[in-house]
Amino acid sequence: MKTALIVIDMQIDFCEDGALAVDNGNSVVPVINEMLCDYDIVCLTQDWHPFGHSSFASSHEGRSPFDLVEMSYGKQVLWPDHCVQGSIGANFHKELNTNLADMIVRKGFNPDIDSYSAFFENDHKTPTGLHGYLQTRQVKKLDLVGLATDFCVAYSALDAAMLGYSVRVLEKATRAIDLDESLKTARENMAAAGVILEH
Ligand code: VGL
Ligand code: ZN
556 MKTALIVIDM
566 QIDFCEDGAL
576 AVDNGNSVVP
586 VINEMLCDYD
596 IVCLTQDWHP
606 FGHSSFASSH
616 EGRSPFDLVE
626 MSYGKQVLWP
636 DHCVQGSIGA
646 NFHKELNTNL
656 ADMIVRKGFN
666 PDIDSYSAFF
676 ENDHKTPTGL
686 HGYLQTRQVK
696 KLDLVGLATD
706 FCVAYSALDA
716 AMLGYSVRVL
726 EKATRAIDLD
736 ESLKTARENM
746 AAAGVILEH
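Each residue of the sequence shown is one higher than the last, beginning at 556 in our numbering.
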């Protein structure tokens, strides 16, 4: 039985001065680098949106970043343009050691659906392929780190628990966006789903 470290969206746009900077996002990079050797398998996710993606406020006339809108698949927060495919901001943080990654999963490339979770797009149906990969590699336990605790990390953790993995979120290696108590809500939802929140 193997354990994988899933590193969520450690990209330039989510770090200091990035398009959707998470407070102190940078500070988790050395913490994550230290952990990489402790795992059987390491997977990185990369938020990877086409120009004009439907999660961008700029794609909705009269809307501003952080507005909440209704999409065909449910509620969606609108974001500043970020992690555009091929842009500098979509690259991994320069100091993240990507050499030890077994697998890199790109997500959010479908123009009409956002994808917070590393497992399913925001319709909660369309798989990214990560579950299949982890099954093939006999992984049963997951530790999640990266950005942002209350969005992509939390959605990934909830899907992972639902898929039957034993899941921990290592909070010393995550940071949150925290819109309208979203961190508190995410923590409560993760705890209720059986995700272990470790410091
Ligand atoms: C994320 C908002 C939009 C994240 C990605 O990585 O948490 N948040 N895209
Ligand atoms: Zn995104």
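Cβ atoms here follow ideal geometry from the backbone N, Cα and C, with glycine treated the same way.
Exposure of Leu-623 is indicated by the presence of fewer than 16 other C-beta atoms within 10 angstroms of its C-beta.
Fewer than three pairs of CB atoms, one per stretch, sit closer than 8 Å, so the segment 712 to 719 makes no contact with the segment 727 to 739. Around the Cβ of Cys-707, a 10 Å sphere holds 16 or more other Cβ atoms; the residue is buried. At a threshold of 7 Å, Gly-607 does not count as near the ligand ZN, since its beta carbon sits no closer than that to any of the ligand's heavy atoms.
Under the three-state reduction of DSSP output, Phe-675 falls in the strand class.
The Cβ atoms of Gly-663 and Asp-602 sit closer than 8 Å to each other.
Here the alpha carbons of Ile-567 and Asn-646 stand approximately 6 Å from one another. For Ser-721, there is no enclosing alpha helix (DSSP H); the enclosing beta strand (DSSP E) covers residues 721 to 730. Nearest C-alpha to Ile-561 among Ala-747, Tyr-688, Ala-731 and Gly-617: Tyr-688. With the rule of 3 Cβ pairs closer than 8 Å, the segment 691 to 706 does not count as touching the segment 605 to 616. His-604 is bridged by DSSP to Val-639.
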